[in-house]
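Note sheet for the following structure.
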Amino acid sequence: MQQENKTSRRDFLKAAPVAAAAGAMALSSCNSDSMKEYLQNNFRTLSKDEIKEIITNLEVKYTKKYGKKFSVSAKPALDKTLFGYALDLSRCIGCRRCEYACVDENNQSRDPQIHWIKVLEMEKDKGIDFAHANIHYNPELVPEEGYFYVPIACQQCKNPPCVKVCPAQATWQERDGIVVIDYDWCIGCRYCMAACPYGARHFNWGEPGIPDEEVNPITHYLGNRPRTKGVVEKCTFCVQRVREGRYPACVEVCPVGSRKFGNLLDPNSEIRYILENKRVLVLKAEQNTQPKFYYYFGV
75 MQQENKTSRR
85 DFLKAAPVAA
95 AAGAMALSSC
105 NSDSMKEYLQ
115 NNFRTLSKDE
125 IKEIITNLEV
135 KYTKKYGKKF
145 SVSAKPALDK
155 TLFGYALDLS
165 RCIGCRRCEY
175 ACVDENNQSR
185 DPQIHWIKVL
195 EMEKDKGIDF
205 AHANIHYNPE
215 LVPEEGYFYV
225 PIACQQCKNP
235 PCVKVCPAQA
245 TWQERDGIVV
255 IDYDWCIGCR
265 YCMAACPYGA
275 RHFNWGEPGI
285 PDEEVNPITH
295 YLGNRPRTKG
305 VVEKCTFCVQ
315 RVREGRYPAC
325 VEVCPVGSRK
335 FGNLLDPNSE
345 IRYILENKRV
355 LVLKAEQNTQ
365 PKFYYYFGV
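Letter by letter, the sequence shown follows residues 75 to 373 in my numbering.
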């Protein structure tokens, strides 16, 4: 069992020479507020008062930077809740509305572009075939005859390899099943990216470019709050939405209802009905990652 992390960032940097060197370079250009953020403890170890202070400071910082009134939630996982996702491949038309709704909702960089959802075009005659999938398809109209579409994002694994390899313990799985990242603890080593079999984690190589008028100011500390250069980010099932009783943005925007979301612990939920009555599959089952993202053919 992994030992609970009670180490401060300062202690971690002392114990890791490579990280310390990187940290020293970063701190040399930091102001006092940035340095305080960089050296704060891991989110899981913070007291309620510390979280409240950090959230207040972030709201002030983001409001000033983007010219919009920001809210940053730290709402914890809901009791008796384990989130799961299902996608009906027989209905998906490859329109990519989910992809761009995700960008808008989760404050992903537009320049350079970062997309947490990627839609793959596959030939019906070949079935699910990643080796010959086309991510750059661009027909005049979709769906295109002879093809079907497989959207890919974080699979929210029950046994997430990305969590196991993180040397800074900056990523973990919450009680509701969502794998999250403490961006202030991410050291940008990208071990998690190498460990993920789904290519679901993305690195900010440059300062994320988000037009001020397009920034979503309703955020969560472990989700869609603005990130910085040099950290890894990923889908969180729109944690800022689902912990408030809403659907993820990609579910709401889908024009054909191919995306389903709900509580796996609720026997009356739609997601449970699908698992119990449809033939479902998970991607790369041989990896034993145990995804909570299920694919099925409804019709």
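C-beta atoms are modelled at their ideal positions from N, C-alpha and C, and glycine is treated no differently.
Remember, it's a predicted structure, so these values are computed and weren't measured experimentally.
query: With respect to the alpha helix (DSSP H) encompassing Ala269, which residues constitute its N-terminal and C-terminal limits?; result: Tyr265 to Ala269
query: Tell me the DSSP bridge mates of Leu161?; result: Arg333 and Tyr369
query: Roughly how many angstroms lie between the CA atoms of Asn208 and Glu197, to the nearest whole one?; result: 9 Å
query: Report the start-end ranges of each beta strand (DSSP E) in the segment 151-214 that is 3 residues or longer and not cut off at the edges.; result: 157-162 and 192-197
query: Can you confirm whether the segment 152-165 touches the segment 128-136 when touching is taken to mean that 3 or more C-beta pairs between the two stretches lie within less than 8 Å?; result: no
query: For Gly280, I'd like the list of residues in its chain whose CB is within less than 7 Å of its CB, leaving aside the five on either flank, ordered along the chain.; result: Pro186 and Lys303
query: Taking the CB atoms as reference points, tell me whether Val146 and Thr293 lie closer together than 7 Å.; result: yes
query: Quick check: the Cα distance between Phe204 and Glu127, rounded to an integer number of angstroms?; result: 46 Å
query: Run through the DSSP bridge pairs and tell me what Glu307 is partnered with.; result: His276
query: Can you find the residues in the same chain that come closer than 6 Å, C-beta to C-beta, to Leu355, ignoring five residues on each side of it along the sequence?; result: Tyr369
query: Where does the unbroken beta strand (DSSP E) through Thr130 begin, and where does it stop?; result: Thr130 -> not in any beta strand (DSSP E); alpha helix (DSSP H) instead, spanning Lys122 to Tyr140.
query: Got a sec, what are the start and stop residues for the beta strand (DSSP E) Val313 sits in?; result: Val313 -> not in any beta strand (DSSP E); alpha helix (DSSP H) instead, spanning Val313 to Val316.
query: Rank Val224, Leu339, Cys312 and Asp199 by C-alpha distance to the C-alpha of Arg165 and give the top, closest one.; result: Val224
query: By the DSSP assignment, the beta strand (DSSP E) with Ser345 in it spans what residues?; result: Looking at the sequence shown, residue 345 is not Ser but Ile. Careful: Ile345 lies outside any beta strand (DSSP E), inside the alpha helix (DSSP H) at Glu344 to Asn351.
query: Flag this pair as yes or no: are the beta carbons of Ile191 and Ala227 separated by less than 7 Å?; result: yes
query: Residues bridged to Ile226 by DSSP?; result: Lys192
query: Would you say the beta carbon of Pro300 is closer than 6 Å to some non-hydrogen atom of the ligand ZN?; result: The ligand ZN is not part of the structure shown, which contains no ligands of any sort.
query: Cα-Cα, which of Pro291, Phe277, Glu214 and Lys139 is closest to Ile261?; result: Phe277
query: Grouping DSSP H, G and I as helix and E and B as strand, with all else coil, what is Thr363?; result: coil
query: Assign Gly297 to buried or exposed, taking buried as 16 or more other Cβ atoms, counted over all protein chains shown, within 10 Å of its Cβ.; result: buried
query: Mark Val306 as exposed unless 16 or more other C-beta atoms lie within 10 angstroms of its C-beta, in which case mark it buried.; result: buried
query: Taking the continuous beta strand (DSSP E) assigned at Val146, which residues delimit it?; result: Ser145 to Ser147
query: Cα-Cα, which of Gln361, Leu349 and Ser332 is closest to Arg170?; result: Ser332
query: Please report the distance separating the alpha-carbon of Val216 from that of Ile167.; result: 6 Å
query: Quick check: what's the CA-CA separation for Ala359 versus Tyr221?; result: 23 Å
query: Let me make sure I understand the geometry here. Which of Ala242, Val289 and Ala269 has the alpha-carbon closest to that of Tyr140?; result: Val289
query: Rounded to whole angstroms, what is the Cα-Cα separation between Tyr136 and Pro291?; result: 8 Å
query: Between the Cα of Arg264 and the Cα atoms of Ala151, Pro365, Cys324 and Val239, which residue gives the shortest distance?; result: Val239
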